[in-house]
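**Student:**
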DNA sequence: GGGCAATCATTGCAGGTGAAACAATCGCCG
DNA sequence: CGGCGATTGTTTCACCTGCAATGATTGCCC
C-alpha cells in the first residue's frame, strides 16, 4: 500500500507551524486582555483605518462575514470598539476603536513586533526567503473558497 | 496611536497561507471521499504504521485526543478504518486501515505529493529555505504555554 | 494479592464556526 | 417616482472543537 509520510507533508507542516506560532502569540493577548484571535485581527485592522465597515474587514482580512460581525459584537461588549450605523449608507456599520481599544493596541503593537522579530530570529538565514515564500503564497490567485463545518482549519 | 500593519504580520501571514494551502488540498479529498482534515490526518498516519492507538496519533499528530477519537469513529462508520481493543492492553484501541481505506490512500497519496510539488514549484528558489524554516519552527522547543478556553485558532 | 494512582478512550458541555436564510437598506432602470 | 434586484450585517442551524469529567483498565508499591 501507499506509504505516506504525513510529517513531511508541506500542507501539514505549514498548518502545524502556523498553529504554534499563532497560539504562542495569542496566549499573550488572551491572558492580558481576554480577546480571541478574530478579535485581535479586527482591532489590529482598525488601528490602521479610521472607520471601517464589517464588509471591509471581511474582504481585507481572511475572515468570514459572520465571524467579523461576531468579533465586532464581542469587542463592543468589552468596550474596545464602537459600532454605529453609517450615516451615508444605512446598511453599513461603522467600526471605530474606543480610547480603551487604542490603549490596548498601544500595548499590543510592540509586543507583536517583538514576537515577530523573535520568530524571524529563530529562522536565521532562511528568514528572508521564508517571508518571500509567504508573500508568494498569499498573492497567488486565490482559490475560490468553499468551507466546511465547524472549527477545524488546516491541512 | 500605534499603527499596526496586520497584512505584514508574520503570524497572520502564516495562518492565512496555511489555511489556503490546506483548504485547496482538502477540497480534493472532501469532494471525492467525503472526509475532513482530521480524518485525512488519521488515515495518512495509519498508512505508515500498521496498527496504532488513538493516543499514539494524538502524540505524533498535532491533534487533540478527543479530536482523534471522533475522527476515528467517523472513519469507522464510513468503513475506512477498523477499531478493536488491544488484546494486550484493554485501555488501548487499535486502529487499522480497512481495504477500503487502503484503496483511498492509494488514490490520495499521489494526489498529495503532486499538490506538494505544485506548491513548492510556485515558491521557486525560495522552496528549499521555506522548508528549512518550517522544520525550524516545528522542531523548536515548544514554548511552555498557559492555555485558555475559547475556540480561536490561528495568528 | 489488593488497593490506588496513572493511563487511555470516550463523552458532556460551553462555545465558536461556515453556510445559508433573513431583514433592512440602497441603487438602478423603467 | 416606484418597484426590484443587489448589498450588508445579523442570526439560525448544524456541526466541530477543546477541555474537563467519566468509566474502564493497567501497573506499581506495599
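Chains as they are written, first to last, in this note's numbering: chain A, 523 to 677; chain B, 523 to 677. Every residue gets a Cβ at the ideal spot worked out from N, C-alpha and C, and that includes glycine.
What's the gap between the Cα of residue 610(A) and the Cα of residue 625(B)?
**Tutor:** About 59 Å.
**Student:** Compare the C-beta of residue 617(A) against all C-beta atoms of chain B and say whether one is closer than 8 Å.
**Tutor:** So no, residue 617(A) is outside the interface.
**Student:** Do we get a CB-CB distance below 8 Å when we pair residue 658(B) with the residues of chain A?
**Tutor:** It does: the Cβ of residue 658(B) has a partner Cβ on chain A nearer than 8 Å.
**Student:** Measuring CB to CB, does residue 649(B) end up less than 8 Å from residue 617(B)?
**Tutor:** Their beta carbons are not under 8 Å apart, which means residue 649(B) does not touch residue 617(B) by this criterion.
**Student:** Looking at the structure shown, is residue 691(A) part of a helix, part of a strand, or coil, going by DSSP?
**Tutor:** Any property of residue 691(A) remains undetermined from this structure, which presents chain A solely from 523 to 677.
**Student:** Compare the C-alpha of residue 545(B) against each of 554(A), 543(A), 534(A) and name the closest.
**Tutor:** Among 554(A), 543(A), 534(A), the Cα nearest to that of residue 545(B) belongs to 534(A).
**Student:** Between which two residues does the beta strand (DSSP E) carrying residue 604(A) extend?
**Tutor:** 603 to 607 is the span of the beta strand (DSSP E), which, as asked, contains residue 604(A).
**Student:** Spatial neighbours of residue 567(B) within its chain, please: C-beta separation below 8 Å, excluding the five flanking residues on both sides.
**Tutor:** Here the set comprises 574, 579, 582, 583.
**Student:** Measure from the C-beta of residue 567(B) to each C-beta in chain A and report whether the shortest distance is under 8 Å.
**Tutor:** At least one chain A Cβ lies under 8 Å of residue 567(B).
**Student:** Using 8 Å as the limit for Cβ to Cβ distance, is residue 555(B) near chain A?
**Tutor:** Closer than 8 Å: no.
**Student:** Whose C-alpha, out of 623(B), 563(B), 639(B), 654(B), is nearest the C-alpha of residue 528(A)?
**Tutor:** Minimum Cα distance to residue 528(A) is reached at 563(B).
**Student:** Please list, in chain order, the residues of the region 534 to 552 of chain B that have any C-beta partner in chain A closer than 9 Å.
**Tutor:** Correct list: 534, 535, 536, 537, 538, 539, 540, 541, 542, 543, 544, 545, 546, 547, 548, 549, 552.
**Student:** Is it true that the CB of residue 576(A) sits closer than 8 Å to the CB of residue 627(A)?
**Tutor:** No, the Cβ-Cβ distance between residue 627(A) and residue 576(A) is not below 8 Å.
**Student:** Taking only three categories from DSSP, how would you classify residue 574(B)?
**Tutor:** In this structure, residue 574(B) counts as strand in the three-state DSSP scheme.
**Student:** Can you list, in chain order, the residues of its chain with a C-beta nearer than 6 Å to that of residue 656(A)? Leave out the 5 residues immediately preceding and following it.
**Tutor:** So the list is empty, once near-sequence residues are dropped.
**Student:** So, is residue 623(B) buried or exposed, given that buried needs 16 or more other C-beta atoms within 10 angstroms?
**Tutor:** Under this definition residue 623(B) is a buried residue.
**Student:** Determine, using beta carbons only, whether residue 540(B) and residue 540(A) come nearer to each other than 8 Å.
**Tutor:** For residue 540(B) and residue 540(A), yes; Cβs fall inside 8 Å.
**Student:** Using the three-state DSSP reduction, which class does residue 610(B) fall into: helix, strand or coil?
**Tutor:** Reduced to three states, the DSSP call for residue 610(B) is coil.
**Student:** Is residue 581(B) close to chain A, meaning its C-beta is less than 8 Å from at least one C-beta of that chain?
**Tutor:** No, residue 581(B) does not count as interfacial toward chain A.
**Student:** Could you tell me whether the Cβ atoms of residue 532(A) and residue 629(B) are closer together than 8 Å?
**Tutor:** No. Outside cutoff.
**Student:** How many angstroms separate the CA atom of residue 613(B) from the CA atom of residue 587(B)?
**Tutor:** Their Cα atoms are separated by approximately 14 Å.
**Student:** Measure the beta-carbon distance from residue 651(B) to residue 652(A) and round it to whole angstroms, keeping in mind my assumption that it falls under 8 Å.
**Tutor:** Their Cβ separation, rounded to whole angstroms, is 6 Å, which keeps residue 651(B) and residue 652(A) in contact under 8 Å.
**Student:** What residue range is occupied by the uninterrupted alpha helix (DSSP H) comprising residue 566(B)?
**Tutor:** Run containing residue 566(B): 559 to 568, per the alpha helix (DSSP H) assignment.
**Student:** If you count every other CB in all the chains shown that lies within 10 Å of the CB of residue 561(A), and 16 or more means buried, which is it?
**Tutor:** Buried, by the Cβ-count rule.
**Student:** Go to residue 643(B), then tell me how far its alpha helix (DSSP H) extends in each direction, as first and last residue.
**Tutor:** Here the alpha helix (DSSP H) through residue 643(B) covers 621 to 645.
**Student:** Residue 661(B) to residue 596(B), Cα distance in whole Å?
**Tutor:** For residue 661(B) and residue 596(B), the distance between alpha carbons rounds to 31 Å.
**Student:** Quick check on residue 654(A): does DSSP put it in helix, strand or coil?
**Tutor:** Correct three-state label for residue 654(A): helix.
**Student:** Among the candidates 591(A), 601(A), 633(A), whose CA atom is the shortest distance from the CA of residue 615(A)?
**Tutor:** Nearest option by C-alpha distance: 591(A).
**Student:** Which word fits residue 606(A), buried or exposed, when buried means at least 16 other C-beta atoms lie within 10 angstroms of its C-beta?
**Tutor:** So residue 606(A) counts as exposed.
**Student:** Is any beta-carbon of chain A found at less than 8 Å from that of residue 594(B)?
**Tutor:** Not closer than 8 Å to any Cβ of chain A, the Cβ of residue 594(B) fails to qualify, so no.
**Student:** Please report the distance separating the alpha-carbon of residue 525(B) from that of residue 570(A).
**Tutor:** Answer to the nearest angstrom: the Cα atoms are 5 Å apart.
**Student:** Using a cut-off of 7 Å between C-beta atoms, extract the partners of residue 662(B) located in chain A.
**Tutor:** Going along chain A in sequence order, the residues near residue 662(B) (Cβ under 7 Å) are 644.
**Student:** In the DSSP assignment, find the alpha helix (DSSP H) that holds residue 540(B) and state where it starts and stops.
**Tutor:** Taken as a continuous stretch (DSSP letters only), the alpha helix (DSSP H) holding residue 540(B) covers 532 to 555.
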